[in-house]
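Undergrad:
There are 2 protein chains.
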Amino acid sequence: MDTEERVLTNLRKGIVEFCVLAIIGEGSAYGLALARRLEADGLVASESTLYPLMARLRMAGLVDSEWQESDAGRPRKYYTLTDAGREALRAFQSTWEPLRDAVDRTLRRPS
Amino acid sequence: MDTEERVLTNLRKGIVEFCVLAIIGEGSAYGLALARRLEADGLVASESTLYPLMARLRMAGLVDSEWQESDAGRPRKYYTLTDAGREALRAFQSTWEPLRDAVDRTLRRPS
DNA sequence: GACGTTATCGTGTATTGCAAGGTATGGCAA
DNA sequence: TTGCCATACCTTGCAATACACGATAACGTC
């Protein structure tokens, strides 16, 4: 893995998790659709990041999942936000904003 | 490690590295001083994150280091930015900004 | 010389992103 | 019905790295 990729990889750590919560908070979504959307935004590199992540979120009780038929193709597993998930999302916002601002300040350097 | 801490830990990944470059870009600094400043901003948890990081930056040729006497106490190892370091810092800004904006957009939900 | 302070650094563990590959289902065309 | 492709989910293994914990070293003070 070259340097540039590693930088992005590390930056994404811990961020995607909450972007997923935010997205399904707006309405349920299934795995591959989530993966594609996040890939388009540069937030994940592939599905192999997403599936283990969804499993962790489920284990943590932040999302529920449910199989649903599809008009075309295989059944899909749809995820929805639990109350704990909504709470975690709120908590994340309070964490993200100060961190983001600390980075911006440091990069901009008012010394 | 509890959940809350893990969230912060993951968020910090890949961010501190460039905050360090930004700080020493303003003038050389030594390890412990860097660590204290970054701890105050919530960007690292302890020196044990910083020293291995500085070693990596040095290996990558992004910083140089030099021992200097101190008025009081042990000698300190001062770090300075190399040209490659300055370049990496510029490159990071181009990576950070879109990512930060993608996160903000996703959290704020214009869907 | 014992002790506290300042400073740098090493070891071990846990987390996790991702590449690569595996499995299952449905649609479609020859 | 056979073959093939797209869709969809998931697993394995590796590599990167944050951090707790602790070691080591130099200096000053009593």
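Sequence lines, in order, name chains A and B.
First residue of the first sequence: 142, per the working numbering; consecutive thereafter.
First residue of the second sequence: 142, per the working numbering; consecutive thereafter.
Beta carbons are placed, not taken as given, at the ideal position from N, Cα and C, and that holds for glycine.
The model shown is predicted, which means the values in this text are computed figures rather than measured ones.
Check whether the Cβ of G202 (chain B) lies closer than 8 Å to any Cβ atom in chain A.
TA: If you number the second sequence from 1, residue 202 (chain B) lands on position 61. Cβ-Cβ to chain A under 8 Å: no for G202 (chain B).
Undergrad: Within the chosen definition, does the region 152-161 of chain A reach the region 242-249 of chain B through at least 3 CB pairs nearer than 8 Å?
TA: The answer is yes - the region 242-249 of chain B touches the region 152-161 of chain A, with three or more Cβ pairs under 8 Å.
Undergrad: Say yes only if the C-beta of F233 (chain B) is nearer than 7 Å to one or more non-hydrogen atoms of the ligand FAD, and no if none qualify.
TA: Although the ligand FAD was asked about, the structure shown includes no ligands whatsoever.
Undergrad: Starting from L222 (chain B) and walking both ways along the alpha helix (DSSP H), at which residues does that stretch end?
TA: Here residue 222 (chain B) refers to the residue found at position 81 of the second sequence. Note, L222 (chain B): premise wrong, no alpha helix (DSSP H); beta strand (DSSP E) at R217 to L222.
Undergrad: Give the interface partners of P239 (chain A) over in chain B, defined as CB-CB distance under 7 Å, in chain order.
TA: Numbered from its first residue, the first sequence carries residue 239 (chain A) at position 98. Correct list: G183.
Undergrad: List in chain order: all unbroken beta strand (DSSP E) runs of 3+ residues lying wholly within the region 162-219 of chain B.
TA: Within the region 162-219 of chain B, the complete beta strand (DSSP E) runs of at least 3 residues are 204-209.
Undergrad: In terms of alpha-carbon separation, which member of B:G183, B:S187 and B:S235 lies closest to G172 (chain B)?
TA: Taking the second sequence and counting its residues from 1, the one referred to as residue 172 (chain B) is at position 31. Per the Cα distances, B:S187.
Undergrad: Please tell me whether A163 (chain A) has its Cβ less than 8 Å away from any Cβ of chain B.
TA: Start at 1 with the first residue of the first sequence, and residue 163 (chain A) comes out as number 22. Chain B contact via Cβ: present.
Undergrad: Using a Cβ-Cβ cut-off of 8 Å (strictly less than) and excluding sequence neighbours within five positions of S235 (chain B), which residues of its own chain qualify?
TA: Stepping through the second sequence from its first residue, residue 235 (chain B) is reached at position 94. Cβ neighbours of S235 (chain B) beyond the five flanking positions: none.
Undergrad: What residues in its chain sit with their C-beta under 7 Å from that of F233 (chain B), if we drop five residues either side in the sequence?
TA: For the purposes of this step, residue 233 (chain B) is taken as the residue at position 92 of the second sequence. If we look at F233 (chain B) and ignore the five residues flanking it on each side, its Cβ neighbours are F159.
Undergrad: At a Cβ threshold of 8 Å, is G226 (chain A) touching chain B?
TA: For the purposes of this step, residue 226 (chain A) is taken as the residue at position 85 of the first sequence. Cβ-Cβ to chain B under 8 Å: no for G226 (chain A).
Undergrad: Helix, strand or coil for V148 (chain A) per DSSP?
TA: The residue labelled residue 148 (chain A) in the question sits at position 7 within the first sequence. DSSP places V148 (chain A) in helix when its eight states are reduced to three.
Undergrad: Below 6 Å CB to CB, which residues in the same chain sit around A225 (chain A) once its five sequence neighbours on both sides are set aside?
TA: For the purposes of this step, residue 225 (chain A) is taken as residue 84 along the first sequence, with counting starting at 1. If we look at A225 (chain A) and ignore the five residues flanking it on each side, its Cβ neighbours are G202 and L203.
Undergrad: R153 (chain B) and I164 (chain B) look like a contact to me (Cβ under 8 Å); what is the Cβ gap, rounded to whole Å?
TA: As a first step, residue 153 (chain B) must be located in the second sequence, where it is residue number 12. As a first step, residue 164 (chain B) must be located in the second sequence, where it is residue number 23. The pair is not a contact, with the Cβ atoms about 15 Å apart (cut-off 8 Å).
Undergrad: Are there 16 or more other CB atoms within 10 angstroms of the CB of W208 (chain B), so buried, or fewer, so exposed?
TA: Counting from one through the second sequence, the residue named residue 208 (chain B) turns up at place 67. W208 (chain B) comes out exposed.
Undergrad: Among B:M200, B:L184, B:E167 and B:E210, which one has its Cα closest to the Cα of P239 (chain A)?
TA: Residue numbering aside, residue 239 (chain A) sits at position 98 when the first sequence is read from its first letter. The option with the nearest alpha carbon to P239 (chain A) is B:L184.
Undergrad: With DSSP as the reference, label G226 (chain A) as helix, strand or coil.
TA: On the first sequence, position 85 is the one that residue 226 (chain A) refers to. Three-state result, G226 (chain A): helix.
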